[in-house]
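Trainee: Chains as they are written, first to last, in the numbering used here: chain A, 97 to 373; chain B, 292 to 746.
First, the structure itself, so that you have it in front of you.
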Amino acid sequence: MNATNNSGPMGGNRIVPSAPASAASAVSRISAKDVTVHYGEKQAIFGVSMEVPEKSVTAFIGPSGCGKSTFLRCFNRMNDTIEGCKVGGKITIDGEDIYDPSLDVVELRARVGMVFQKPNPFPKSIYDNIAYGPRIHGLVKNKAETDELVESSLKKAGLWKEVHDRLDAPGTGLSGGQQQRLCIARTIATGPEVILMDEPCSALDPIATSIVEDLIHELKEQYTIIIVTHSMQQAARVSQKTAFFHLGKLIEYGETEQIFVNPKEKQTEAYITGRIG
Amino acid sequence: MTSVLIAVLVLALLGIAYSQGVSRSRLLAGQTRLHSRPQYHGALVALWAVLPLLVLLLVWLLASGMAQDWYIASQLPVEILPGTTEYASAAARLRNIASGFGVAGEAAEWEATAGAALAQFNTVLMLAIVALGAVLGVVGMLYMRSRLTARTRARNHVEAFIKAALIFCSVVAILTTVGIVVSLVTETVRFFTFVSPFEFFFGTVWNPGYSTTSNEASGSYGMLPLLVGTVMISLIAMLVALPVGLMSAIWLTQYANPKLRNAIKPVIEILAGIPTIVYGFFALVTVGPALSGLGDVLGFGINATSALTAGIVMGIMIIPFISSLSDDIIRQVPRTMRDGSLGLGATKAETIRMVIVPAALPGIVGAILLAVSRAIGETMIVVLAAGNAPILRFDPTEPTSTFTVTIVTALTGDADFASPQSLVAFALGLTLFVITLLLNIGALAIVRKYREQYE
Ligand SMILES: Nc1ncnc2c1ncn2[C@@H]1O[C@H](COP(=O)(O)OP(=O)(O)OP(=O)(O)O)[C@@H](O)[C@H]1O
Ligand SMILES: [Mg+2]
Numbered sequence: 097m098n099a100t101n102n103s104g105p106m107g108g109n110r111i112v113p114s115a116p117a118s119a120a121s122a123v124s125r126i127s128a129k130d131v132t133v134h135y136g137e138k139q140a141i142f143g144v145s146m147e148v149p150e151k152s153v154t155a156f157i158g159p160s161g162c163g164k165s166t167f168l169r170c171f172n173r174m175n176d177t178i179e180g181c182k183v184g185g186k187i188t189i190d191g192e193d194i195y196d197p198s199l200d201v202v203e204l205r206a207r208v209g210m211v212f213q214k215p216n217p218f219p220k221s222i223y224d225n226i227a228y229g230p231r232i233h234g235l236v237k238n239k240a241e242t243d244e245l246v247e248s249s250l251k252k253a254g255l256w257k258e259v260h261d262r263l264d265a266p267g268t269g270l271s272g273g274q275q276q277r278l279c280i281a282r283t284i285a286t287g288p289e290v291i292l293m294d295e296p297c298s299a300l301d302p303i304a305t306s307i308v309e310d311l312i313h314e315l316k317e318q319y320t321i322i323i324v325t326h327s328m329q330q331a332a333r334v335s336q337k338t339a340f341f342h343l344g345k346l347i348e349y350g351e352t353e354q355i356f357v358n359p360k361e362k363q364t365e366a367y368i369t370g371r372i373g
Numbered sequence: 292m293t294s295v296l297i298a299v300l301v302l303a304l305l306g307i308a309y310s311q312g313v314s315r316s317r318l319l320a321g322q323t324r325l326h327s328r329p330q331y332h333g334a335l336v337a338l339w340a341v342l343p344l345l346v347l348l349l350v351w352l353l354a355s356g357m358a359q360d361w362y363i364a365s366q367l368p369v370e371i372l373p374g375t376t377e378y379a380s381a382a383a384r385l386r387n388i389a390s391g392f393g394v395a396g397e398a399a400e401w402e403a404t405a406g407a408a409l410a411q412f413n414t415v416l417m418l419a420i421v422a423l424g425a426v427l428g429v430v431g432m433l434y435m436r437s438r439l440t441a442r443t444r445a446r447n448h449v450e451a452f453i454k455a456a457l458i459f460c461s462v463v464a465i466l467t468t469v470g471i472v473v474s475l476v477t478e479t480v481r482f483f484t485f486v487s488p489f490e491f492f493f494g495t496v497w498n499p500g501y502s503t504t505s506n507e508a509s510g511s512y513g514m515l516p517l518l519v520g521t522v523m524i525s526l527i528a529m530l531v532a533l534p535v536g537l538m539s540a541i542w543l544t545q546y547a548n549p550k551l552r553n554a555i556k557p558v559i560e561i562l563a564g565i566p567t568i569v570y571g572f573f574a575l576v577t578v579g580p581a582l583s584g585l586g587d588v589l590g591f592g593i594n595a596t597s598a599l600t601a602g603i604v605m606g607i608m609i610i611p612f613i614s615s616l617s618d619d620i621i622r623q624v625p626r627t628m629r630d631g632s633l634g635l636g637a638t639k640a641e642t643i644r645m646v647i648v649p650a651a652l653p654g655i656v657g658a659i660l661l662a663v664s665r666a667i668g669e670t671m672i673v674v675l676a677a678g679n680a681p682i683l684r685f686d687p688t689e690p691t692s693t694f695t696v697t698i699v700t701a702l703t704g705d706a707d708f709a710s711p712q713s714l715v716a717f718a719l720g721l722t723l724f725v726i727t728l729l730l731n732i733g734a735l736a737i738v739r740k741y742r743e744q745y746e
């Protein structure tokens, strides 16, 4: 697995940001064209196209069941693991078609990390939770490197102070908010370029939520982040761009400020003022 | 006949009392708010109707033998003295005549009359009891019914009764276990008056002499050959069953598409339903000869009946056991955990090996230990396929023997039941029981340790 990882077309440049970072807002890292998703006979996403800029936070909002999670899962092909789920259209990351048959899914998922709605630490120690990804991708060669990576990832996720003296304790023994930060640290440790977050704060209390939000704020300096959220305030606080979905369609997509202050579509306005959903 | 009568009586009382309670309660409901719903009032009245009857029947069950003995004593001629064997056999003859079972030889005239009288006595007694029970039931029903008020806490009483009944059943189960263990222990102690425990537990030769005098043991009663045989066969069985069972569970849960899985799972479960005796002759007729043929080809001898034959077939028997249990356990690992691993770019196999199996491990270990206790306790396959040769050796290609097989041979011979060669079955049974118990305790401890860590 080390070999597949390092020799592939997307091997290089993991944690370190790529060179033309200054041109951030202009570069679109992820581009989706006419994406459709079917669960068996049932269509969940209807021809969605969007450009997601690099090193910024993009928020997906919309009423429950509108397809936010489904669309998010297209970007790291987690939909492949769902029985009967079919994705159509074209999605590229840095110009590369991620649904190309020759593309290695495992490598894609190392590049496009995901944080789930419910914290899902592995039944392993905190240390092993973080080291899991780097180990399977051969990012670390020895104990010292692993130690270092574990420490830096935990620091980035703002969890180091709380757990540095009990790295051998099971990850499942942490509080909900700590677990979610552990999952974020775990994702960071694998050296992704894009991080997908599906309602990462829905199981957290306000304090833990604000810690995670601060974290997202810092992470966007290095990573391209897409976050699904049910909280309009959260979308307004953390994101630069916002996409509003309704019944599987992308209704409106634009600068967050514009969406919340001056939405173009009636449906968007109705949703953010609390009339649908 | 009697039991049908009693069953009808109980059911009738239940039904009548319940409907009486319910209707009375509905009547009360007209005036005020009820404490409990009418169903509970009905149930309470029904309990009062049936419980006295059941208690009476229980008493009768215990006391009817005594009443019969007393009656027989009054019927037997005075020359037959109580306490003699003559007396006991005469009493037994009377009982047999009365029950219509018949006796050896012609019944003497006095025997026939006394038998008939005894039969009549029994019938009258039984009818009296049933009648008394019915009266008690009706009285209980009327009493409770008349005492019903809107404030009667029928729900609480019924709940309390249900709790008591549950406790009663648990106590029965516990007492049964205790009884079995006590009888095992007492018989084992008796066995140890013939053979020293040291000789039994550490002896390397199993060769009980079939002495006819039942107060002296001849021959050797060392259980080590049996222990080695048992462990060897169980080990071989687990070596076969564990990889196959676990892998098939992993395949079924993680790789097979649902249609295929739904078709295959029942087939594997049918394997678990095959009686072990069938596996036994499968071992004897097919696997044994095949193995010895294979041995010839490979150039070393394998006996047709050997630890290997028994172990392999026993392993096949246990496969569905492990596969089915692990399947359920693996399925319980949350999908989110699997997604977390896949989302980090782990492959399916890595996810299974490093996340799913570790998460399911406590359950799987429990399943394995259960399977081991089954293997150790399995009898039929070993009787047929292991060759029954209680000799201490570690070669799986040779015939061997186990605890269970030796227990069967010890009890099915025609030795006196009090002789050491029969009593040894209890000592072996107790040893087997202790081993299985320790395995189960170990399984529980492991499961608990993981629970604490990861839940
Ligand atoms: N595994 C699945 N199988 C079949 N249908 C699914 C599956 N997952 C989602 N769907 C359907 O697809 C549609 C979109 O679901 P999705 O989970 O993407 O919504 P969502 O916007 O994330 O909702 P929420 O805000 O409640 O999480 C829904 O109608 C849902 O019923
Ligand atoms: Mg969702």
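Ideal Cβ placement from N, Cα and C applies to all residues, glycine included.
(1) Against residue 637/B, what residues of chain C qualify as contacts under a CB-to-CB distance less than 7 Å, listed in chain order?
(2) Does the Cβ-Cβ distance between residue 246/A and residue 232/A come in under 8 Å?
(3) Tell me whether the beta-carbon of residue 662/B lies closer than 8 Å to the beta-carbon of residue 613/B.
(4) Among all the DSSP beta bridges, which residues are the ones paired with residue 293/A?
(5) What does the alpha-carbon distance come out to for the pair residue 511/B and residue 695/B?
(6) Under DSSP, the alpha helix (DSSP H) around residue 249/A begins and ends at which residues?
(7) Would you call the region 531-550 of chain B in contact with the region 591-610 of chain B, where contact means no fewer than 3 C-beta pairs closer than 8 Å?
(8) Just the C-alpha distance for residue 353/B and residue 479/B, rounded to the nearest angstrom, thanks.
(9) Give me the subset of the region 528-558 of chain B whose CB atoms are less than 8 Å from a CB atom of chain A, sorted by chain position.
(10) Quick check: the Cα distance between residue 350/A and residue 337/A, rounded to an integer number of angstroms?
(11) Just curious, the beta strand (DSSP E) that residue 276/A is in, first and last residue?
(12) Hey, which unbroken runs of the beta strand (DSSP E) at 3 residues or more fall wholly within the region 549-614 of chain B?
(13) At least one CB of chain B closer than 8 Å to the CB of residue 357/A: is that the case?
(14) In chain order, what residues of the same chain have a beta carbon less than 7 Å from the beta carbon of residue 436/B, not counting five sequence neighbours either side?
(15) Any beta-carbon of chain B closer than 8 Å to the one on residue 206/A?
(16) Quick test of the definition: if touching needs 3 or more C-beta pairs under 8 Å, does the region 671-687 of chain B touch the region 720-734 of chain B?
(17) What are the boundary residues of the alpha helix (DSSP H) that includes residue 667/B?
(18) From the DSSP output, in three-state form, read off residue 682/B for me.
(19) Any beta carbon from chain A within less than 8 Å of residue 560/B's own beta carbon?
(20) Starting from the C-beta of residue 308/A, find all residues in its chain whose C-beta is less than 8 Å away, skip the five residues before and the five after it, and write them out in chain order.
(21) One question on the structure: do residue 555/B and residue 643/B come within less than 8 Å of each other, judged by their Cβ atoms?
(22) May I ask you to list, following chain order, the residues of the region 276-293 of chain A that have a beta carbon less than 8 Å from some beta carbon of chain B?
(23) Can you give, in chain order, each stretch of the beta strand (DSSP E) that sits fully within the region 500-544 of chain B and has at least 3 residues?
(24) Buried or exposed for residue 460/B, please, with buried defined as at least 16 other CB atoms from any protein chain shown within 10 angstroms of its CB.
(25) Residue 633/B touches chain A at which residues, Cβ-Cβ below 8 Å?
(26) Does the region 127-141 of chain A come into contact with the region 575-594 of chain B, if we say contact requires no fewer than three beta-carbon pairs (one atom in each stretch) closer than 8 Å?
(27) Chain B beta carbons: is any one of them nearer than 8 Å to that of residue 216/A?
(28) Tell me, please, whether the CB atom of residue 98/A is closer than 8 Å to any CB atom in chain B?
(29) May I ask you to check if the CB of residue 295/A is nearer than 7 Å to at least one heavy atom of ligand 2?
(30) With a cut-off of 8 Å, does the C-beta of residue 229/A fall near any C-beta of chain B?
(31) Counting pairs of beta carbons, one from the region 563-570 of chain B and one from the region 492-501 of chain B, are three or more of them closer than 8 Å?
(32) Can you list the residues near ligand 1, meaning Cβ strictly closer than 5 Å to any non-hydrogen atom, in the order they appear in the chain?
(33) Check the Cβ of residue 95/A against every Cβ in chain B and list those closer than 9 Å, keeping chain order.
(34) In chain B, which residues lie with their C-beta within 8 Å of the C-beta of residue 212/A?
(35) Within the 8 Å Cβ cut-off, does residue 656/B reach chain A?
Mentor: Let me spell this out:
(1) Annotation note: the requested chain C is absent from the structure, which comprises protein chains A and B.
(2) no
(3) yes
(4) 211/A and 323/A
(5) 18 Å
(6) 239-252
(7) yes
(8) 30 Å
(9) 548 and 549
(10) 6 Å
(11) Note, residue 276/A: premise wrong, no beta strand (DSSP E); alpha helix (DSSP H) at 272-285.
(12) none
(13) no
(14) 311, 312, 315 and 336
(15) yes
(16) no
(17) 648-668
(18) coil
(19) no
(20) 273, 276, 277, 280, 296, 297 and 300
(21) no
(22) 279, 282, 283 and 286
(23) 509-512
(24) exposed
(25) 174, 177 and 205
(26) no
(27) yes
(28) Confidence is the limiting factor: at residue 98/A the pLDDT is only 41, short of 50, which leaves the residue's position unreliable and the question unanswerable from this model.
(29) yes
(30) yes
(31) no
(32) 135/A, 140/A, 160/A, 161/A, 162/A, 163/A, 164/A, 165/A, 166/A and 178/A
(33) Any answer about residue 95/A is impossible in this case: the structure gives chain A only from 97 up to 373.
(34) 627, 630, 631 and 634
(35) no
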